[in-house]
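Numbering-wise (my numbering), the sequence shown opens with residue 5 and increments by one. For glycine and all other residues, C-beta sits at the position ideal for the given N, C-alpha and C. For reference, the structure discussed in these notes is given below.
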Amino acid sequence: MQDTMTFGAATHVGLVRPKNEDSHAVLQPSNGYHGALVIADGMGGHRRGELASRVAVDYVCQQLGCLIQDEPPQLDRIAEALGRIIEKANVKVYLSSLSEDKNQGMGTTLTVAVFLPGHLCLGHIGDCRAYLLHSGELLQLTVDHTLVQELVDAGEISADASRQHPNRHVLTRALGVPDYMQPDISEHTLAAGDRLLLCSDGLHSLVDDDEILSQMQQAPSPGQLADSLVGLALTLGGEDNITVLTAFV
Numbered sequence: 005m006q007d008t009m010t011f012g013a014a015t016h017v018g019l020v021r022p023k024n025e026d027s028h029a030v031l032q033p034s035n036g037y038h039g040a041l042v043i044a045d046g047m048g049g050h051r052r053g054e055l056a057s058r059v060a061v062d063y064v065c066q067q068l069g070c071l072i073q074d075e076p077p078q079l080d081r082i083a084e085a086l087g088r089i090i091e092k093a094n095v096k097v098y099l100s101s102l103s104e105d106k107n108q109g110m111g112t113t114l115t116v117a118v119f120l121p122g123h124l125c126l127g128h129i130g131d132c133r134a135y136l137l138h139s140g141e142l143l144q145l146t147v148d149h150t151l152v153q154e155l156v157d158a159g160e161i162s163a164d165a166s167r168q169h170p171n172r173h174v175l176t177r178a179l180g181v182p183d184y185m186q187p188d189i190s191e192h193t194l195a196a197g198d199r200l201l202l203c204s205d206g207l208h209s210l211v212d213d214d215e216i217l218s219q220m221q222q223a224p225s226p227g228q229l230a231d232s233l234v235g236l237a238l239t240l241g242g243e244d245n246i247t248v249l250t251a252f253v
């Protein structure tokens, strides 16, 4: 008997920002695929961030819909196709930024999870994150494309110090630029009982990994997990838009 996926999603503007610049989508299982999750965070401080994130999510969903209908669920082919889709999403966002003066400078992060039988294919640019709970261990599947992550990787600051660094929101990679933008593409094995979380930095900048692990272990359903994590971020200040997508195998 094949494993099945169940999904949850929750988003909130937060307690500080005037509008929600996050966008997301959940694609249900179809044609041998086990569904997909898409999350984007319009770049804070840039004009029309909410438009940038929506353009990226809408384009990815459209292309994934075509992919699911036309391509068999083979991991290597899907990984290659997902990379191309995200590269073209960058072009879409950039062209949208040129369409009106008020759109100039807009950009967005993007993280996409495509579920196949027994596997997960991830595409990622920016600082949304993907976490996997497997056999009681929490694994961060994505690497933040931020200035502070580069400082952590270079050993100049600690991971704990990065959470309070004044430049923690400065991105080194995002969609909406005229240059070629290569996403991180990764492939992962899934097993029965695994739980996946995609979230914007409005969650992981406030809620530490130990608390995320605890919530992922205890939640009875993906919908309740998404709601509880958003609620927790709000109790900790809700400094940014908060979006959480969840999937249980």
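Which residue's Cα is closest to the Cα of L145: L151, E154 and Y135? The residue you call residue 145 lines up with position 141 of the sequence shown. With distances taken between Cα atoms, L145 lies closest to Y135.
Should the segment 8 to 17 be called in touch with the segment 228 to 245, which here means at least 3 C-beta pairs below 8 Å? yes
Q78 versus P22 - alpha carbon distance: Against the sequence shown, residue 78 aligns to sequence position 74. Against the sequence shown, residue 22 aligns to sequence position 18. The alpha-carbon atoms of Q78 and P22 are separated by roughly 42 Å.
Sorted by chain position, which residues of the same chain lie with C-beta nearer than 6 Å to S244's C-beta, five sequence neighbours on each side aside? Residue mapping note: residue 244 aligns to position 240 of the sequence shown, counting from 1. In the sequence on display, residue 244 carries Asp and not Ser. Excluding residues within five positions, the ones whose Cβ falls inside 6 Å are G18 and G206.
By Cβ distance below 6 Å, which residues in the same chain neighbour G46 in space, the five residues on each side in sequence not counted? Locating residue 46 in the sequence shown gives position 42, counting from the first residue. If we look at G46 and ignore the five residues flanking it on each side, its Cβ neighbours are E25, G53, E54, A56, S57 and T112.
Do you know how far the Cα of A83 is from the Cα of V116? Locating residue 116 in the sequence shown gives position 112, counting from the first residue. Locating residue 83 in the sequence shown gives position 79, counting from the first residue. The alpha-carbon atoms of V116 and A83 are separated by roughly 11 Å.
Applying the criterion that 16 or more other CB atoms from any shown protein chain within 10 Å of the CB defines a buried residue, is N107 buried or exposed? Position 103 of the sequence shown, counted from the start, is the residue given in the question as residue 107. Buried, by the Cβ-count rule.
Considering only C-alpha positions, which residue in the set Y37, H208 and G197 is nearest to F252? The residue you call residue 252 lines up with position 248 of the sequence shown. For the residues Y37, H208 and G197, the minimum Cα distance to F252 belongs to G197.
So, using beta-carbon positions, are I129 and L179 closer together than 9 Å? As a first step, residue 129 is located in the sequence shown; it is residue number 125 there, counting from the start. As a first step, residue 179 is located in the sequence shown; it is residue number 175 there, counting from the start. Result yes, Cβ atoms of I129 and L179 sit closer than 9 Å.
Where do the ends of the alpha helix (DSSP H) carrying I89 lie? The count along the sequence shown starts at 1 and reaches residue 89 at position 85. Unbroken alpha helix (DSSP H) run through I89: L79 to S103.
Top-ranked residue by Cα proximity to E91, from V30, D212, I216 and V181: In the sequence shown, residue 91 corresponds to position 87, counting from 1. Of the candidates V30, D212, I216 and V181, the one whose C-alpha sits nearest the C-alpha of E91 is V181.
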